[in-house]
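J.: Can you read through this structure? Questions will come right after.
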Amino acid sequence: MTGNVLGERFVVMSFGESHGACVGALIDGCPAGLPISVEDIQRQLDLRRPGQSLVTTQRRERDEVEILTGVFNGYTTGAPILMITRNKDVDSTSYLKLRDTPRPSHADFFAHVKYGGFNDWRGGGRFSGRVTVTYTMAGALALKLLNVYLGIDVIAYTKQIGELKVTRELDIEEIKNNRYSNEVRCPDPQLAEQMRDLVIKTRGKGDSLGGIVECIVINVPLGLGEPVFSSLDGDIAKAVFAIPAVRGVEFGAGFSAATMLGSEHNDPLGYIDGKILPVTNKAGGIVGGLSTGANIVLRVAFKPPASIAKPQRTLNTSTMREEDVVVTGRHDPTVVPRAVPVVESIVAIVLADHAIRGGFIPPVIKVR
Ligand SMILES: Cc1cc2nc3c(=O)[nH]c(=O)nc-3n(C[C@H](O)[C@H](O)[C@H](O)COP(=O)(O)O)c2cc1C
Numbered sequence: 117m118t119g120n121v122l123g124e125r126f127v128v129m130s131f132g133e134s135h136g137a138c139v140g141a142l143i144d145g146c147p148a149g150l151p152i153s154v155e156d157i158q159r160q161l162d163l164r165r166p167g168q169s170l171v172t173t174q175r176r177e178r179d180e181v182e183i184l185t186g187v188f189n190g191y192t193t194g195a196p197i198l199m200i201t202r203n204k205d206v207d208s209t210s211y212l213k214l215r216d217t218p219r220p221s222h223a224d225f226f227a228h229v230k231y232g233g234f235n236d237w238r239g240g241g242r243f244s245g246r247v248t249v250t251y252t253m254a255g256a257l258a259l260k261l262l263n264v265y266l267g268i269d270v271i272a273y274t275k276q277i278g279e280l281k282v283t284r285e286l287d288i289e290e291i292k293n294n295r296y297s298n299e300v301r302c303p304d305p306q307l308a309e310q311m312r313d314l315v316i317k318t319r320g321k322g323d324s325l326g327g328i329v330e331c332i333v334i335n336v337p338l339g340l341g342e343p344v345f346s347s348l349d350g351d352i353a354k355a356v357f358a359i360p361a362v363r364g365v366e367f368g369a370g371f372s373a374a375t376m377l378g379s380e381h382n383d384p385l386g387y388i389d390g391k392i393l394p395v396t397n398k399a400g401g402i403v404g405g406l407s408t409g410a411n412i413v414l415r416v417a418f419k420p421p422a423s424i425a426k427p428q429r430t431l432n433t434s435t436m437r438e439e440d441v442v443v444t445g446r447h448d449p450t451v452v453p454r455a456v457p458v459v460e461s462i463v464a465i466v467l468a469d470h471a472i473r474g475g476f477i478p479p480v481i482k483v484r
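Take the sequence shown: its position 29, counting from 1, is numbered 145 in the numbering used here, and each next residue is one higher.
Structure below.
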């Protein structure tokens, strides 16, 4: 399979470039009978949309989804579903001058060489954060499927921006209800205010910030995952790495497991509300590549975006001389707030795929 396709049974093909006619997703394998509306998809897309506040790029896209096939009378038909969003607010002028002086740590130069100069470089083309519209559209469908049929909820939020991080224990209801109540998507209102100030201050200095998105999946049945090469954690990690600017993924205790003792890290089994479940969750809900029935908990680290206003050294690939480049145009000072719904979406796609593969969701669902 090519690099633009994700999944075995809930199969998503992502297509489109940042400044081309549209971006879109073709989804094959979605069961028939799922009630779905444009609003269901639009709701998730609106959470990712740029230009909504000072902490994002000022590119103003309305990101209106069009569902062109596979839905009839408000239900999925079992046929492939094509969704697109037309690119409207396109201004490629600032990218023209980057042709000879590639932005450090963006994909411009590497894509140019790999595709012999034929790649669409406008707005970063296929390497733009804009491709995440396609994951979000397909993910909104997957979220609805998981929620309607299995009661699964995928809840992500901003855990950290720069050095500012959530340190207190947050209740799942608090995260669920508050995560989208502010621009930075942090459920702690005081910290959210500090994060917002930090992003605006950093942007003012011509710089950018990284951070961490935490994602919690609740009501997961035991047994999703197909070891060994399609372990649930492996497939989630691979999919999450399709989000541009991702630098790391960890589950449960993650990297801190390396310094724990077995007695500290082990999750004993218990009998909770009539179910056999791990009493603690250092594993983050996945053991042996299989979901355990506990919440899946993962954290995704994002780098600071490459496009910063500060002058940076780069190579002029025409003259072969080093020179300064100043990146103009409209860019995100941090990708973290906009990545929150994208992480939810891509995790949902993988879970929907595994739920169908594992027989947890049938080919026709009846929820009328
Ligand atoms: C929602 C979102 C928005 C992004 N916006 C920008 C941006 O405005 N400027 C930028 O340089 N990178 C941005 N990125 C990241 C780049 O697309 C990414 O760093 C680049 O393609 C290189 O890939 P890599 O960082 O995964 O190696 C964004 C990523 C996401 C997920």
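Where a beta carbon is used, it is the ideal one built from N, C-alpha and C, also for glycine.
(1) My understanding is that Phe486 touches Ile465, with C-beta atoms under 8 Å, so please give their C-beta distance in whole angstroms.
(2) Please work out which residues of its chain come closer than 6 Å, Cβ to Cβ, to Ile328, disregarding the five sequence neighbours upstream and downstream, and give them in chain order.
(3) Are three or more beta carbon pairs between the segment 330-339 and the segment 263-271 nearer than 8 Å?
(4) Looking only at its own chain, which residues have a Cβ that is under 7 Å from the Cβ of Asp469, when we skip the five neighbours before and after it?
(5) Can you find the residues in the same chain that come closer than 6 Å, C-beta to C-beta, to Asp216, ignoring five residues on each side of it along the sequence?
(6) Does the Cβ-Cβ distance between Ile200 and Gly140 come in under 8 Å?
(7) In the DSSP output, what is Ile200 paired with across the bridge?
(8) On the DSSP bridge assignment, give the partners of Ile148 in chain order.
(9) Should Gly405 and Pro343 be called a contact, given that it needs their Cβ atoms to be closer than 8 Å?
(10) Any idea what DSSP makes of Ser346, helix, strand or coil?
(11) Within its chain, find whatever has a CB closer than 8 Å to the CB of Thr193; leave out the 5 residues flanking it on each side and keep chain order.
(12) With a cut-off of 8 Å on the beta carbons, I'd call Gln160 and Leu259 a contact; round off their distance for me.
(13) Should Phe131 be flagged as near chain B, meaning a C-beta pair shorter than 8 Å?
(14) Can you tell me the Cα-Cα spacing of Val314 and Val456, whole angstroms?
(15) Taking the beta carbon of Leu142 as the centre, do at least 16 other beta carbons fall within 10 Å, making it buried, or is it exposed?
(16) Return the CA-CA distance between Ala272 and Ala137, expressed in angstroms with no decimal places.
(17) May I ask you to list the residues that DSSP assigns as paired with Phe188?
(18) When the distance is taken between beta carbons, is Arg295 closer than 8 Å to Glu133?
(19) Nearest to Val568 by alpha carbon, out of Pro427, Val452, Val282?
(20) Of the choices Trp237, Pro151, Tyr231, whose alpha-carbon is the least far from that of Arg219?
(21) Using only the heavy atoms of ligand 1, determine whether one of them is closer than 7 Å to the beta carbon of Ile359.
(22) Judging by CA-CA distance, which residue of Val181, Leu150, Leu170, Gly145 is the nearest neighbour of Asp162?
(23) Which residue wins for smallest C-alpha separation from Glu439, given the options His447, Arg429, Asp448?
(24) According to DSSP, simplified to helix, strand and coil, what is Leu163?
(25) Using only the heavy atoms of ligand 1, determine whether one of them is closer than 7 Å to the beta carbon of Arg238.
(26) Tell me which residue opens and which closes the alpha helix (DSSP H) that Arg437 is part of.
(27) Determine contact between the segment 301-319 and the segment 280-288, defined as no fewer than three beta-carbon pairs at a distance below 8 Å.
(28) Return the CA-CA distance between Arg363 and Pro420, expressed in angstroms with no decimal places.
(29) How long is the line joining the alpha carbons of Ser297 and Gly232, rounded to whole angstroms?
(30) Measure the alpha-carbon distance for Asn397 versus Val229 and round it to whole angstroms.
(31) Residues in the same chain with beta-carbon distance under 6 Å from Ser96, minus the five sequence neighbours each way, listed in chain order, please.
(32) What residue ranges within the segment 210-237 form continuous alpha helix (DSSP H) runs of no fewer than 4 residues, ordered along the chain?
(33) Name the DSSP bridge partner or partners of Tyr273?
(34) Using DSSP bridges, identify the partner residues of Ser130.
T.: So, to answer that:
(1) Absent from the model: residue 486. The displayed extent of the chain is 117 to 484, so no value can be given.
(2) When the five nearest sequence neighbours on each side are left out, the beta carbons in the same chain lying within less than 6 Å of the beta carbon of Ile328 are those of Lys275, Gln276, Arg415, Ala417, in order along the chain.
(3) Touching, yes, given that three or more Cβ pairs across the two stretches are closer than 8 Å.
(4) Same-chain partners within the cutoff: Gly123, Glu124, Arg125, Phe126.
(5) Non-local C-beta neighbours of Asp216 in its own chain, meaning closer than 6 Å and more than five positions away in sequence, comprise Asn432, Thr433, Ser434, ordered along the chain.
(6) Cβ distance < 8 Å, so Ile200 and Gly140 count as in contact.
(7) Paired residues: Gly140, Glu182.
(8) The sequence as given places Ala at residue 148; Ile does not occur at that position. According to DSSP, Ala148 bridges with Val480.
(9) In this structure, Pro343 lies closer than 8 Å to Gly405 by Cβ.
(10) Strand.
(11) Only Ala148, Gly186, Val187 meet the Cβ criterion.
(12) By a beta-carbon distance limit of 8 Å, Gln160 contacts Leu259. Their separation comes to about 7 Å.
(13) Absent from the structure is chain B; it holds one protein chain and no more.
(14) The identity of residue 314 in the sequence shown is Leu, whereas the question assumes Val. Cα-Cα distance, rounded: 18 Å.
(15) Counting Cβ neighbours within 10 Å, Leu142 comes out buried, since at least 16 surround it.
(16) Taking C-alpha positions only, Ala272 is separated from Ala137 by approximately 30 Å.
(17) Per DSSP, Tyr191.
(18) Not closer than 8 Å, so no.
(19) For residue 568 there is no data in the structure shown, the boundaries of the chain being 117 and 484.
(20) Taking only the C-alpha atoms, the option nearest Arg219 is Trp237.
(21) Look at Ile359: its beta carbon is less than 7 Å from one of the heavy atoms in ligand 1.
(22) Val181 is the residue among Val181, Leu150, Leu170, Gly145 whose C-alpha sits nearest the C-alpha of Asp162.
(23) A check of alpha carbon separations from Glu439 across His447, Arg429, Asp448 identifies Arg429 as the nearest.
(24) Three-state result, Leu163: helix.
(25) Because no heavy atom of ligand 1 lies under 7 Å away, the Cβ of Arg238 does not count as near it: no.
(26) Here Arg437 belongs to no alpha helix (DSSP H); instead the beta strand (DSSP E) covers 437-441.
(27) Result yes; three or more Cβ-Cβ pairs closer than 8 Å.
(28) Cα-Cα distance, rounded: 10 Å.
(29) Going from the Cα of Ser297 to the Cα of Gly232 covers about 45 Å.
(30) Rounded to the nearest whole angstrom, the CA to CA distance from Asn397 to Val229 is 45 Å.
(31) Lying before the first or after the last residue shown, residue 96 is absent from the chain, which here runs from 117 to 484.
(32) Secondary structure in the segment 210-237: the alpha helix (DSSP H) runs of 4 residues or longer, each lying completely within the stretch, are 224-230 in chain order.
(33) Answer by DSSP bridge pairing, in chain order: Glu330.
(34) Paired residues: Ala141.
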